[in-house]
Structure formats: C-alpha cells, structure tokens
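Each remark here refers to the structure printed beneath this line.
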Amino acid sequence: MGELTKPTMIRELLGRKNIKLTRRLGQHFLVDGNLLSIMIKAADLRPEDMVLEVGAGIGTLTEELIRLAGKVWAVEMDDRLFSLLRDYLDEPPNLILIHGDAMKLNFSEIIPPEEPLKVISNLPYNIATPLLLKLLLELPGLTSLVVTVQKELADRYLSPPGSKSYGATTVKLNYYCEIRRIIQLPPSVFLPPPKIHSVMLKLEKRKETPVRVDDPEEFFRFIDAAFAQRRKTLSNSLSSLYPSINGKEIARIMEELGWNPSERAERLNLDDFAKLYGGIRGLL
Ligand code: SAM
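Going by my numbering, the letters in the sequence shown line up with residues 4 to 287, in that order.
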C-alpha cells in the first residue's frame, strides 16, 4: 500500500511529464504512509461504498480507494495531473475520473444525489470551506467526510460560541455535521511541504439536523448577515437583510428570546440562531 507516498516515486512521475507543481492549486501530496492508513481507516470503507475524492493529484488516495470501495469518483482540475492520473491508474472499472474545477461542477448531476456516499480528500486549501458546504448541499445522500484542511480552518469548524474563530462557517457546518478532529499533520508529511499545519477531520452527517429549517440556503443567508459586520450588534446587522422589518421589532424578538438586543452574533449557538430566525420569519 501507498507506493505513491514515496517522494522518489512522486518526483519520477512528475518528471516524466515535466510537471511543475503550483501552490495556487494547493498541490501538496501526502508522503506519509501511516497518515494515509489513518485516513482510510477513519473513512471505514466497505466494498459496497460509493466514494468521492476531490483533488486526486497524482492518485495517492485514489489508488487505495479503488482497491477498497465499490465505486470511486475522483475529480482533478489540473490538466497535466489529470493526464498523469489517467495513465497511471489505467482507468479500472470502478473509477470515474472527472476533469474539472470542483467548484463549478454540479455534483448532483454526476453522482446519484440521494445515494449514500462518503467523501475522502486532502482538500485544496483555498476552496475547502465553500467546497464542503457545496457538497453537503448538492449531495443529500452524503453520510461522512474525512478530509484534511488547513489547521486554522479546522479550529474554526470546531470552535465553541464566544471564541474568536467562531463564525458563520462554524454554525453552517455544525448544522449538517458532527465534527471530530482525528490528527494534526505537520508540513513535513506533504511534498512539497506547505507553510501551514493541517488537520484531518471526520464530519459525520447528522441523521436529523439539530434545528428545523425549511430551506437551509435561506437560513445560511441569515447566518451570513448575522456575522457580516462583527462590530455591529445583531439587531443592526439583521436589519439590513430584512429592510421591511423595523430594527425595533428584531430587538423585541431578541428580548423575548432572552437576549440583549445589543448582543453580538458570536455569542449565539445554532439553536439560538434557529429560534431567532423563526421569530423573524414570522414577521415577514
Ligand atoms: N490527493 C492528493 C494527495 O492526497 O496527496 C493531492 C491533494 S492536493 C492537497 C489537492 C489537489 O487538488 C491538487 O492535485 C490540485 O491540483 C487539486 N485541485 C485544486 N483546486 C481544485 C479544484 N477547484 N477542483 C479540482 N481539483 C482541484
């Protein structure tokens, strides 16, 4: 297992096609076989599983996924890496290679959206958060995601209300998933080493969302507005999203829910946001 975690092998493969890696696309490849095993184990793969990998790179994870899962979709945007992947992996019958920008793909047209699916990926750093939210929205059948992200993002996803890194992203991801830190990865486990530390996370999709909302996308716009201007009070921030509602009405709802109208978004938890959202929607 893990031939592709050998730096000599990676250099040889890249050299064959004269590929120079670009930081812009987060091209850092895992060169630690133990961490690869930890990642695979965390995903708890079964022979019948359908799996999606975003950012297949040279195929380090892909190779293992093909061996262990029933069907694998692997997305890679870089033309040169895509061609290398196709040659090296030799397109086995349970692999669907997709050449494209994951942020522009409509995943529900590519993968049966209601079918159980696992995601396992060393994510490109610059798109990690919007990509996770996009996948959760477009693929309701998703059951779990094992991903590595920049440490700073992992801290944000896991932070409690009131802490500095708590924000709209924390609330949105925790609406969908229970998030667990698996292990921290130093720069040295990637080739070339990035400037930052990474963290492997497991996000398990909740069977039922902890709060009831009719339309998650609309709820998320509300969350974004609540956190948009951190220096403003919550009732002021929300007034700009709902111009038809008087700011005093929003303040009244907050008081009824036991909150001071001058409270700031970062002190409210998911449940508080859902109650406030329900109260405001009642006025529309
Ligand atoms: N899977 C490999 C591994 O585990 O070592 C490589 C992971 S590397 C961190 C991220 C990969 O994502 C790179 O190969 C990069 O070219 C690709 N990538 C970056 N942005 C992308 C995008 N928007 N859509 C699809 N792939 C992307």
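Think of the CB as a built atom: it goes at the ideal place given N, C-alpha and C, for glycine as much as any other residue.
How long is the line joining the alpha carbons of PRO195 and THR25, rounded to whole angstroms?
Approximately 10 Å between the Cα atoms of the pair.
Please write down, chain order preserved, every residue whose beta carbon lies under 6 Å from a heavy atom of ligand 1.
This selection yields LEU28, GLY29, GLN30, HIS31, PHE32, LEU33, VAL57, GLY58, ALA59, GLY60, THR63, LEU64, VAL78, GLU79, MET80, ASP81, LEU84, ASP104, ALA105, MET106, ASN125, PRO127 and ILE130.
Does the contact criterion of 3 or more C-beta pairs under 8 Å hold for the stretch 54 to 74 versus the stretch 95 to 102?
As far as the Cβ criterion goes, the stretch 54 to 74 touches the stretch 95 to 102, which means the pair count is three or higher.
Are the beta-carbon atoms of ASN177 and LEU84 separated by less than 8 Å?
No.
Within 8 Å, do at least three Cβ pairs link the stretch 35 to 46 to the stretch 11 to 26?
The stretch 35 to 46 and the stretch 11 to 26 do not touch, with fewer than three beta-carbon pairs separated by less than 8 Å.
Let me see if you follow: with CB-CB separation under 8 Å, is PHE85 close to chain C or not?
Absent here is chain C; the protein component of the structure consists of one chain.
Whether PRO173 touches ARG184 by CB criterion (8 Å):
Residue identity check: residue 173 is Thr in the sequence provided, not Pro. With contacts defined by Cβ atoms closer than 8 Å, THR173 and ARG184 do not form a contacting pair.
Take every Cβ of the stretch 100 to 115, pair it with every Cβ of the stretch 51 to 63, and state whether three or more of those distances are shorter than 8 Å.
Cβ pair count under 8 Å is three or more, so yes.
If we ignore side chains and look at the alpha-carbon of each, how far apart do LEU204 and PRO213 end up?
Roughly 20 Å separates the two Cα atoms.
Unbroken beta strand (DSSP E) runs of length 3 or more, entirely within the stretch 83 to 132: which are they?
As far as the stretch 83 to 132 is concerned, its whole beta strand (DSSP E) runs of at least 3 residues are 98 to 102 and 120 to 125.
Under a Cβ-count criterion, where at least 16 other Cβ atoms within 10 Å of its own Cβ denotes burial, should GLY29 be classed as buried or exposed?
Buried.
How far does the beta strand (DSSP E) with VAL75 in it extend, from its first residue to its last?
Unbroken beta strand (DSSP E) run through VAL75: 74 to 79.
Contacting residues, own chain, Cβ-Cβ under 6 Å from ALA45 (five flanking each side not counted)
If we look at ALA45 and ignore the five residues flanking it on each side, its Cβ neighbours are VAL149, ILE185 and LYS205.
Let me check understanding here. Comparing Cα to Cα, which of ARG267, MET80 and LYS210 lies closest to ALA231?
The option with the nearest alpha carbon to ALA231 is ARG267.
Option in ARG234, ASN263 and PHE222 with minimal Cα separation from GLY281
The option with the nearest alpha carbon to GLY281 is PHE222.
Inter-residue Cα distance where the pair is LYS175 and LEU136
Taking the straight line from one Cα to the other gives about 8 Å.
Enumerate in chain order the residues of its own chain whose CB-to-CB distance from TYR91 is below 8 Å, with the five nearest sequence positions on each side excluded.
Apart from sequence neighbours up to five positions away, the residues of its chain that approach TYR91 with a beta-carbon distance below 8 Å are LEU16, ILE61 and GLY62, ordered along the chain.
Short check: CB of LEU88 to CB of LYS20, under 8 Å?
Not a contact, by the Cβ cut-off of 8 Å.
Out of ILE253, ILE43, ILE248 and LEU64, state which residue places its alpha-carbon closest to the alpha-carbon of GLU6.
Here the closest residue by C-alpha is LEU64.
Helix, strand or coil, according to DSSP, for GLU155 in the structure here?
Helix.
Do you know offhand how far PRO189's Cα is from LYS198's?
One C-alpha to the other measures close to 9 Å.
DSSP three-state label for LEU145, please.
Strand, per DSSP.
Looking at the structure shown, is SER40 part of a helix, part of a strand, or coil, going by DSSP?
SER40: helix per DSSP, three-state reduction.
Tell me whether LEU206 sits in a helix, a strand or coil according to DSSP, three-state version.
Here LEU206 sits in strand by DSSP.
By Cβ distance, which residues of its chain are closer than 7 Å to LEU134, with the 5 residues on each side in sequence left out?
Scanning its chain for C-beta atoms nearer than 7 Å, with the 5 sequence neighbours on each side dropped, one finds around LEU134 the residues VAL57, ALA105, MET106 and LEU126, in chain order.
If we call anything under 8 Å between Cβ atoms a contact, is PRO164 one with GLU269?
Yes, they are a contact pair.
Of all the options PRO219, SER201 and ILE69, which has the alpha carbon lying nearest to the alpha carbon of PHE32?
It is SER201.
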